[in-house]
Amino acid sequence: MSPNTADHNPSQSAHSADIPRLRYNAALALDIEQHWQDRWEAEGTFEAPNPAGPLGEPDKVSGRAKLFVLDMFPYPSGSGLHVGHPLGYIATDVYARFKRMTGYNVLHALGYDSFGLPAEQHAIATGVHPRVNTEANVANMRRQLRRLGLGHDARRSVSTTDEDFYRWTQWIFLQVFNSWYDEIEQRARPIAELEQAYADGSIATPNGQPWNEHNKHERRQAIDARRLAYLSEAPVNWCPGLGTILANEEVTADGRSDIGNYPVFKKSMRQWTMRITTYADRLLQDLDRLDWPEPIKLMQRNWIGRSEGARVDFTTPAGILSVFTTRPDTLFGASFMVISPEHPLVDALTTSDNKAAVDAYRIVASSKNQIDRQDDTREKTGVFTGTFATNPVNGQEIPVWVADYVLMGYGTGAIMAVPCGDQRDFQFARRFNLAVPAIQQPPSQWFTAHDLEQQNGDGVDTSTWSEAFVGDGAYINSSSASLSLNGLVEVHEGVKVMNAWLEENDCGLATVNFKLRDWLFSRQRYWGEPFPIVYDEDDQPVSLPDSMLPVLLPQLEDFKPQALDPNDDITDPIPPLARSTQWREVVLDLGDGPKKYRREINVMPQWAGSCWYELRYLDPTNKEFFVDPAVEKYWMGPADGGDGKTGHTGGVDLYVGGVEHAVLHLLYARFWHKVLFDLGHLSSSEPFHRLFNQGYIQAFAYRDPRGQPVTSTDVEERDGTYWHAGEEVQREYGKMGKSLKNIVTPDEMYDEYGADTFRLYEMSSGPLEASRPWNTRDVIGMQRFLQRVWRNMVDEDTGASRVVDTPATPELRKLLHRMIEGIRSDMDGLRFNTAIAKLIELNNALTQEAAATGSTPLEIASPMIQMLAPLCPHMAEELWGRLGHSQTLTFEPFPSFDAQLLIDDTFEYPVQINGKVRSRLVVPTGTDLATVQALVLSDPKVLAALGGQTPKKVVVVPGRMVNLVL
RNA sequence: GCCCGGGUGGCGGAAUGGCAGACGCGGGGGGCUUAAACCCCCCUUCUCUUACAAGGGAGUAUGGGUUCGAGUCCCAUCCCGGGCACCA
């Protein structure tokens, strides 16, 4: 027995009366797995050396390529894990282990996203303090995950609720708070540089007065207006059911909260906001340099929602009314304007005659929930303000209406309506009998399609139209004294000409608009990071110095948010932190002597910690920096050695997680990372260079005739129907969940099969990116495979090794090398399902040989164990030890193949006639085309199939196939 | 409505434009066993001819197309999943 297996004897608990003493089953697997998990932990096998800092071991780093593999870290929810959760964790572990075996210094760790609403909601439900609860949940998840045998560096497992961690979350907040965005240099800069620029006049002050003539208050206003984190009084998403406000991204299309599904109302409040919109262009452009799935990039592009157009200024009695349009070229067709009910100019534009109607309309609009308001099938509503605006291009007086189909949150909250070319404007015009001037010539097909006689030029008559003409056509009726678009055909030409005219005449400007809004960053909750901000006697925010960090969350007896009716949109939120007067009211010396301050009582949102946690994995114990610059550069610096601004962005080498974070987490994290990059704290300009979205493991659920879910494990199948307790039940497919009674836990799998079998099943059941149903019934296949592997290596009765150092047959050797080649590339491409299929194929062949000769050749056994190591590491370690090795095989080289052995002596050509295989022809490898062709045409089977006909054409693809065309 | 994915045996799924269904589950048959379980071996897309052996035909959602050759590429349609949605 090998040195490392001498001290543990897995046979002790593995035997039972009927099966061989050393059958590889769950009991034996448990012994082996626990032994190796203990040993990995004791030896610190997966502790990755850093080049510098507290975890620095420079000698171990030099000369090795690095790889940073990252999982989206979990919320430590109270219900623990089901078998769907670890899919990604297993995949990254397999990949990380594979890469270690190809020489990489691999960093792989897992932390916990333990602040935020889920944890707090759970705590409220159980009545236990969130910290107690969270820590218990983390402990339970750690236990469940440890049994999986994940090769994580435990030293780096941070939780966002650790005081050492959120100290730096607060620090990063202050970095953002103390920065401004320089539009010219296109980057964030320290706020002190803005003050300097105002002072020396290189940047004009907002009010145009010299800096030294600004008083303290004016200076402060000028500075605060540019900060990347700022307080704003703005309409926010207020969710009384949760007692907090939410980010736009956290509100569903139905106008309800993502978490809890409570109604959400618009309410104006003073809140922390992050100026993510300043990064809109870079967040968009840098997507091109990321190795992400295209659909995810697309979702981010759509969310950022860049559109090019122009601002057009209309004069009204109440002042300038600006609109954003993507089609400034259609300005001649603007026959009315519409402003949102929330538009600040509504009152000023409304004449006294119309005031009652407008006010009534606004009240109705504000009480409508989002779903009603966004239903585009609903008939358009609106009221006239009584005021006219002047169309700058032709001087026409056009009416200004208020309507809720115009949204305050996009553009300027006002539009110029061009009813002939926009379906919404068209509907509105028809509803209220407004003019619909034609400005583009539809093609004849359009008239045909709409059952209309062809209309041309001045004869185009929109009164007969049933809908707007949305398309390209030559401009008509588009001229004034100073400008004419008539005759132009291309939209981009029209836009160009119009934009030039607008700018020249000082009534507009080509501009870009984004859907992306600034990020609402405060929550009226307890379980989040406190802001490192206090308010002075002027009620102005003041940042705390580094020395006062962390601002610890006070221990409150009552941490629940103020209980409100989910439909109560009147009462203002009162954050839990407001309850502790002792914490809230402080006397601090911030450099000008002790003064009274009031702490910020909101907390940061869920996303704060997940915006940067991967950086803390790099240097988790560093007291001086959030991450040592040399350490960050080593693990995340641009691969091409550049500065990250062009070329390689740098970032995590592989980030694996669910598609549900496509917008929120991934966008926020990119934003913070870019700010930190701009400020010189990071060398990488993107946090996650390569992203991979794993699929979901879903499950079947069954409902009885009354519609109640029944326990899935008790359902049996009979000829395609499903039965439970004598009743036929209906099957459905979806998520695993308690309410559907279809949860399968990893613990059940450990008990029945062991972790290696479980890992293998998850990896084999489909491609990583695909969602698939969980089928406990199928797991046995992977157990049988491992049993066969085990049996080929170890005598089940005696424990004696069956591996001998005799040569394998040439066929088996060839198969081995072919499989090595395939498995290497499968592993590299995260195609673990096909890698496993190849391992099974190899083992099946080995089983034949072992049965024939009574032993297993070492030259097959060794590489096979090495190739199994990433997938089922415990068993591989055990078998490796039994071959006489004393070291872990974690760092053994992954087998390489002999290219010579991939070449066969002969090749079998399939011979097709008109694309159907009719014969096969075996020729020596490398036989020339002419010979192959001659052999094919004289082959008896081919001749028979040809039936006397002569092929018109003979296609021979060397090393592939032959096709005869009749 | 717009934009992405995806439709392959009873099931999960394999197939650089080149032999469709690798590998696993399930099912069928056989071996081992006093017996059963475990394990081992064989068969398993559908269909037709046939006693068998063997052979034929069809087949990757549907209809067209490109190609010597299409699950794979192109066009249209249907269905399923996801994202966005009165975004000017």
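Count along the first sequence from 1, add 52, and you get the number used in our numbering.
Beta carbons are placed, not taken as given, at the ideal position from N, Cα and C, and that holds for glycine.
Worksheet item: Taking the continuous alpha helix (DSSP H) assigned at I832, which residues delimit it?
Response: 828-845
Worksheet entry | Inside the region 589-629 only - beta strand (DSSP E) runs reaching at least 3 residues | 593-595
Worksheet item: In terms of residues, what are the limits of the beta strand (DSSP E) holding W161?
Response: According to the sequence displayed, residue 161 carries Ala and not Trp. Here the beta strand (DSSP E) through A161 covers 157-161.
Practice prompt. Return yes when the Cβ of E215 is within less than 8 Å of the Cβ of L604, no when it is not.
Written response: yes
Discussion item. So, with DSSP's three-state summary, where would you put I224?
Written reply: helix
Discussion item. Extract the residue ranges of the beta strand (DSSP E) inside the region 684-764, only unbroken runs of 3 or more that lie entirely within it.
Written reply: 706-709, 743-745, 749-755
Fill in: V1009, buried or exposed, once every other Cβ within 10 Å from all chains shown has been counted against 16
exposed
Worksheet item: Within 10 angstroms of its Cβ, does A66 collect 16 or more other Cβ (buried), or is it exposed?
Response: In this prediction, A66 has a pLDDT of 39, which is less than 50 and means its spatial position is unreliable; nothing more can be read from the coordinates.
Practice prompt. Taking 8 Å as the cut-off, decide whether the C-beta atoms of S737 and G702 are in contact.
Written response: yes
Practice prompt. State the Cα-Cα distance for the pair A533 and S496, rounded to the nearest angstrom.
Written response: 30 Å
Practice prompt. Would you kindly work out how many angstroms separate the C-alpha atoms of I491 and C472, rounded to a whole number?
Written response: 7 Å
Fill in: Cβ-Cβ separation, T330 to Y233 (assumed contact under 8 Å), whole Å
4 Å
Fill in: Beta carbon of L568 nearer than 8 Å to that of W263
no
Discussion item. Taking the straight line between their C-alpha atoms, what separation do you get for K1005 and V1014?
Written reply: 11 Å
Practice prompt. Measure how close the beta-carbons of D165 and F125 come, nearest whole angstrom, since I'm counting them as under 8 Å.
Written response: 5 Å
Worksheet item: Taking the alpha-carbon positions, what's the K866 to S114 distance?
Response: 36 Å
Fill in: Where P657 falls: helix, strand or coil (DSSP)
coil
Worksheet item: If you draw a straight line from the C-alpha of T850 to the C-alpha of R75, how long is it?
Response: 10 Å
Worksheet entry | Nearest-angstrom Cα separation, counted from F478 out to D123 | 50 Å
Practice prompt. Starting from the C-beta of K726, find all residues in its chain whose C-beta is less than 7 Å away, skip the five residues before and the five after it, and write them out in chain order.
Written response: Y331, R334, S737
Discussion item. In this structure, how does DSSP classify L1018 when only helix, strand and coil are distinguished?
Written reply: coil
Item to complete: Count the other C-beta atoms from every protein chain shown that fall within 10 angstroms of the C-beta of V679, then say buried if there are 16 or more, exposed otherwise.
Response: buried
Worksheet item: What did DSSP end up calling G509 once you bin it into helix, strand or coil?
Response: helix
Worksheet item: Would you call the region 743-759 and the region 819-829 in contact, with 3 or more CB pairs under 8 Å?
Response: yes
Item to complete: With DSSP as the reference, please indicate the residues paired to H776 in a beta bridge.
Response: E779
Practice prompt. Provide the residue span of the alpha helix (DSSP H) that contains F959, from first to last.
Written response: Careful: F959 lies outside any alpha helix (DSSP H), inside the beta strand (DSSP E) at 958-965.
Discussion item. I'd like the list of long-range same chain contacts for M53, defined as Cβ closer than 7 Å, with 5 residues on each side in sequence excluded.
Written reply: Here the model assigns M53 a pLDDT of 39, short of 50, so the residue's position is not dependable, and the following value carries that caveat. Counting only Cβ-Cβ distances below 7 Å, and skipping sequence neighbours, we find nothing.
Discussion item. Excluding the 5 residues flanking D644 on each side, which residues of the same chain have their C-beta closer than 8 Å to its C-beta?
Written reply: none
Fill in: 3 or more residues per run - each beta strand (DSSP E) lying fully within the region 245-309
281-291, 296-298
Practice prompt. Keeping to the same chain, check which residues put their C-beta closer than 6 Å to that of K349; ignore five residues upstream and five downstream.
Written response: L339
Discussion item. Is it the case that the region 760-771 contacts the region 362-373, given that we only count it when at least three CB pairs across the two stretches are under 8 Å?
Written reply: no
Fill in: Given 8 Å, three or more beta-carbon pairs between the region 806-820 and the region 786-795
no
Discussion item. Given the structure, does A630 come close to the ligand GDP, in the sense that its CB is under 7 Å from one of the ligand's heavy atoms?
Written reply: The ligand content of the structure shown is nil, which means the ligand GDP is not present either.
Item to complete: Could you say if the region 538-555 and the region 624-632 meet the contact criterion of at least three C-beta pairs nearer than 8 Å?
Response: no
Worksheet entry | N- and C-terminal bounds of the beta strand (DSSP E) containing N565 | 560-565
Fill in: Start and end residues, alpha helix (DSSP H) containing T178
169-178
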